[in-house]
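To start, the structure itself, in structure tokens.
There are 2 protein chains.
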Amino acid sequence: MISKILVPTDGSRAARKSAMYAVDLAKQLKATVIALSIIDKRSFMGQTVPAGKTSRHVIEPIEDYLREAAEGYAGEIKKLCDKNGVQSKIVITAGHPVEAIVKEAARTKVNLIIMGSHGKSALAVAFLGSVTYGVIHKETKIPILVVKS
Amino acid sequence: MISKILVPTDGSRAARKSAMYAVDLAKQLKATVIALSIIDKRSFMGQTVPAGKTSRHVIEPIEDYLREAAEGYAGEIKKLCDKNGVQSKIVITAGHPVEAIVKEAARTKVNLIIMGSHGKSALAVAFLGSVTYGVIHKETKIPILVVKS
Numbered sequence: 031m032i033s034k035i036l037v038p039t040d041g042s043r044a045a046r047k048s049a050m051y052a053v054d055l056a057k058q059l060k061a062t063v064i065a066l067s068i069i070d071k072r073s074f075m076g077q078t079v080p081a082g083k084t085s086r087h088v089i090e091p092i093e094d095y096l097r098e099a100a101e102g103y104a105g106e107i108k109k110l111c112d113k114n115g116v117q118s119k120i121v122i123t124a125g126h127p128v129e130a131i132v133k134e135a136a137r138t139k140v141n142l143i144i145m146g147s148h149g150k151s152a153l154a155v156a157f158l159g160s161v162t163y164g165v166i167h168k169e170t171k172i173p174i175l176v177v178k179s
Numbered sequence: 031m032i033s034k035i036l037v038p039t040d041g042s043r044a045a046r047k048s049a050m051y052a053v054d055l056a057k058q059l060k061a062t063v064i065a066l067s068i069i070d071k072r073s074f075m076g077q078t079v080p081a082g083k084t085s086r087h088v089i090e091p092i093e094d095y096l097r098e099a100a101e102g103y104a105g106e107i108k109k110l111c112d113k114n115g116v117q118s119k120i121v122i123t124a125g126h127p128v129e130a131i132v133k134e135a136a137r138t139k140v141n142l143i144i145m146g147s148h149g150k151s152a153l154a155v156a157f158l159g160s161v162t163y164g165v166i167h168k169e170t171k172i173p174i175l176v177v178k179s
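Sequences listed follow chains A and B, in order. Residue numbering for the first sequence follows this note's numbering, starting at 31 and increasing by one per position. Residue numbering for the second sequence follows this note's numbering, starting at 31 and increasing by one per position.
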């Protein structure tokens, strides 16, 4: 019985497409959608950022910006759920996308993860985006539905 | 709206697990299951089989055996569907598994393909079985649900 579906999003076109599929499926199943958006700290926590006062000035506004973006992406899915009478919940978390998805899937005890075949990565020509590849590769036993983009 | 689900099987434990998941989901969705079993001709059409009368004697019984096995695997899924009040259909086809799955998905206009992460391959330690990998990699736009084994 599928009652809870995790839908990670990075705001990409592929993520939007997979979210639409997820909301349709959730509606048909009367399941709850958990919209997950991850603040990917790798994007600004490079080894090259010097420690000290200056880096704080630089990092905080970036972190704020990324959090706002993440909230926006997950919010879009929530809106889509509301429009379709599907129960939903937003989760914003920080970390490595693959780890964050697997951790959240376990924490919220979802029965299914729905993801796009590609995210924002420049390697979109590869057969699978690195995040989707990573989640499939992980030890998690939760089934994954891959929506092609 | 998911109304038709393709469930390829090679009779492996992983395929059985994905079939159980598929039947549960189909029941919840009131969808039809198409159980697909493929006679993989690669397994006996090696380049080393000599042409002529002798090869016929060898090949025909093998082909019969593989067909019988394929019918058995798909039949198991049909039984599971019957037990759960899920409509189903059996398709037996010959060819390369990846090509056959993609072709059948298009022909029967399914909305979803459900597969195990690994099939019978000896490379089960790899992150994805070669057939599942192949179907995800293919140009088909049909979503794929991967059940972990």
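Think of the CB as a built atom: it goes at the ideal place given N, C-alpha and C, for glycine as much as any other residue.
Residues of chain B with a Cβ closer than 7 Å to the Cβ of residue 58 (chain A) are, in chain order, 31, 32, 59. Under the 8 Å criterion on CB atoms, residue 177 (chain A) is classed as interfacial with respect to chain B.
Leaving aside the five residues that flank residue 121 (chain B) on each side, the residues in its chain whose CB is nearer than 8 Å to its CB run, in chain order, 64, 65, 66, 67, 104, 134, 138. Residue 145 (chain B) carries a strand assignment under DSSP once its states are collapsed to helix, strand and coil. In this structure, the CA atom of residue 54 (chain A) is about 12 Å from the CA atom of residue 141 (chain B). At a cut-off of 8 Å between beta-carbon atoms, residue 110 (chain B) makes no contact with chain A. Residue 92 (chain B) sits in a helix when the DSSP states are folded into three classes. In this structure residue 87 (chain A) is exposed. Its beta-carbon is surrounded by fewer than 16 other beta-carbon atoms within 10 angstroms. The beta carbon of residue 171 (chain A) falls within 8 Å of a beta carbon belonging to chain B, placing the residue at that interface. With respect to residue 177 (chain A), residue 51 (chain A) sits close: the two C-beta atoms are nearer than 8 Å. In the DSSP assignment, residue 132 (chain A) falls within the alpha helix (DSSP H) that extends over 127-137. Here residue 32 (chain A) carries a coil assignment [DSSP, helix/strand/coil]. The shortest C-alpha to C-alpha distance from residue 35 (chain A) to any of A:62, A:57, A:46, A:111 is the one to A:62. In this structure, residue 107 (chain B) places its C-beta atom within 8 Å of the C-beta atom of residue 49 (chain B).
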